[in-house]
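Residue numbers (the numbering used here): 466 to 836.
Glycine included, each C-beta is placed from N, C-alpha and C at the ideal position.
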Amino acid sequence: MKVALVHDYLNQYGGAERVLQNLLEIFPEADVYTLIYDKKLTYGIFSEEIIKGTSFLDYGFVARHHYWFIPLMPLAAESINLGEKYDLIISDTWGYAKGINYKRGVHISYCHTPLRYAWDTDSHLKTRLNDSFYKIIRPVTNRLVSYLRNWDKKTAAKPDLFFANSEFIAAKMRKYYEREPDGVIYPPVDEKMFFNIVPYKKRSYYLAAGRLVHYKRFDIVVEAFNQLKLPLKIVGRGPELEYLKKINESPFTSFISAPMTDEEMSDIYNNAKALIFPQVEDFGLVAAEAVACGTPVVAYNEGGAKEIVEEGLSGFFINEQTKEAVVEGVEKITEINFNSEIISEMARKFSKERFAEKIKEAAGQGLSYGL
């Protein structure tokens with residue numbers, strides 16, 4: 466069976482890329498297609514040998530500054546034509562990859578989110594542009610948004626089977642695509658996260674982790690710990706790093722920006738008293754990994770976190786994205802002596818084995834019916 470895996474961009478490594486990595490473990494002989502590819506920025510995880518095609522945007526300046534070429538992204542996706550080569554096509558996507566062209570094969574799409582540029586334009590562009598420039602171009606974006614929404618909705622009809630990565634995203638798919646998802650398949654947490662659970666009493670610091678971009682609200686975490694004067698580790702890289710260092714006033718806050726292996730991240734999770742998670746995420750793999758390591762989570766009460774954290778058992782929710790709410794959440798969590806082993810068991814539903822089982826079931830369903 467010939468399998469193609471299609472991903473939006475391979476020029477960063479985050480939760481969506483981890484899903485692709487797991488898909489490659491399920492289908493090790495699969496060919497990979499992507500709009501933009503950068504081996505260095507994905508830490509060599511996706512070798513050049515498996516990348517069988519990219520788009521016309523995968524060149525020099527354009528690839529490095531692809532956010533300036535959003536209007537061309539739909540055309541770039543459609544420029545990837547798989548022809549009649551594949552029996553099974555899986556698009557792992559938050560927008561564009563489902564729009565590739567092909568003449569045969571069962572197409573299963575795994576949706577991380579409907580296209581953010583189309584449906585959540587204001588908040589997403591603000592993470593890329595400074596406020597002053599954004600205000601200047603905002604009137605121009607209206608026509609682009611209409612174009613992207615029409616394209617996103619049109620290409621949402623292409624997959625034979627369409628899965629969401631959370632119930633939160635399934636609801637968005639119903640709203641924006643007017644299509645009922647074929648199910649929810651949670652992203653996988655590596656089984657290495659479930660071992661060597663450190664007893665809660667021995668844990669010594671608080672943790673915030675992920676790509677350092679504006680919508681993840683690391684700024685309110687830093688400000689809260691300026692006040693709390695408790696040890697905090699911020700793990701991640703991104704455009705907000707220098708700003709976060711600038712607003713940090715606490716000698717107890719440290720930044721770790723080097724790439725981390727799964728084993729190193731497991732150790733960091735396992736020694737944290739709590740993960741601070743104040744953002745709205747489609748799923749929230751960082752939160753799921755923390756829970757797998759027996760680490761409670763202080764999470765904003767929106768998005769995929771509501772499917773990961775169980776109030777009072779594996780953490781607490783905050784109802785505002787403010788410094789004050791984070792302070793209150795941390796103070797609440799310090800009053801509880803959590804059982805790390807029990808918390809870890811709550812993450813079993815996010816295991817790699819369960820993910821692989823669900824993906825294989827979906828592939829079997831599509832191929833058996835000849836969709």
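Query	Result
Endpoints, the beta strand (DSSP E) within which Leu837 is located	Past the edges of the chain, shown from 466 to 836, lies residue 837, and the structure says nothing about it.
Buried or exposed (CB count within 10 angstroms, at least 16 for buried), Ser809	buried
Closest by C-alpha distance to Glu772, when choosing among Thr787, Ser805, Arg813	Arg813
Integer Cβ distance of Gly675 from Gly701, believed to fall under 8 Å	5 Å
Distance CB(Ile535)-CB(Leu488) smaller than 9 Å	no
Sequence-distant residues of the same chain with beta carbon closer than 6 Å to Leu697, five excluded per side	Tyr671, Phe690, Thr718
Three-way DSSP call (helix, strand, coil) for Phe521 in this model	coil
Contact between the segment 786-803 and the segment 715-731 (3+ Cβ pairs under 8 Å)	no
Contacts around Pro646, its chain only, beta-carbon distance under 7 Å, and the 5 residues preceding and following it disregarded	Phe627, Phe628, Ala629, Ala635, Met638
Identified DSSP bridge partners for Ser816	Val654
Nearest residue (CA-CA) to Gly525, options Glu714, Asp503, Ser779	Asp503
Span of the beta strand (DSSP E) around Phe782	780-783
Sufficient close CB pairs (3 or more, under 8 Å) joining the segment 470-483 to the segment 678-695	no
Contact under 9 Å by Cβ, Gly570 with Asp585	no
Pairwise C-alpha distance: Arg581 and Gly560	8 Å
Beta-carbon spacing of Ile545, Ile573 below 9 Å	no
Proximity below 9 Å, CB of Glu796 to CB of Gly769	no
Presumed contact (8 Å Cβ cut-off) between Phe782 and Ala764, rounded CB distance	6 Å
Secondary structure of Glu776, DSSP reduced to three states	strand
From Met730, Asp732, Glu767, residue whose alpha carbon lies closest to that of Glu742	Residue 742 is actually Phe in this sequence, not Glu. Considering only alpha carbons, the answer is Glu767.
Ile554: first and last residue of the uninterrupted beta strand (DSSP E) it sits in	553-558
Other residues of its chain near Pro624: CB distance less than 8 Å, five sequence neighbours each side excluded	Ser556, Lys563, His572, Ile573, Ser574
Residue closest to Glu822, alpha-carbon to alpha-carbon, out of Arg614, Ser779, Pro652	Pro652
Euclidean distance between Cα positions of Tyr567 and Ile510	27 Å
Range of the contiguous beta strand (DSSP E) that encloses Ile712	Here Ile712 belongs to no beta strand (DSSP E); instead the alpha helix (DSSP H) covers 706-712.
Nonlocal neighbours in the same chain, by C-beta distance under 6 Å from Ala739, ignoring five residues either side	Tyr671, Pro761, Val763, Ile798
Residues near Ala755 in its chain [Cβ-Cβ closer than 6 Å; skip 5 each side]	Tyr734, Leu740, Val762
Under 9 Å between C-beta atoms of Met811 and Ser833	no
Cβ-based neighbour list, Glu714, same chain, cut-off 7 Å, excluding 5 preceding and 5 following	Asn691
Span of the beta strand (DSSP E), counted from its first residue to its last, around Asp496	496-502
Counted within 10 angstroms of its Cβ, other Cβ atoms place Val681 as buried (16 or more) or exposed	Correcting the residue type first, residue 681 is Lys in the shown sequence and not Val. That one is buried.
Nearest-angstrom Cα separation, counted from Ala469 out to Gly829	15 Å
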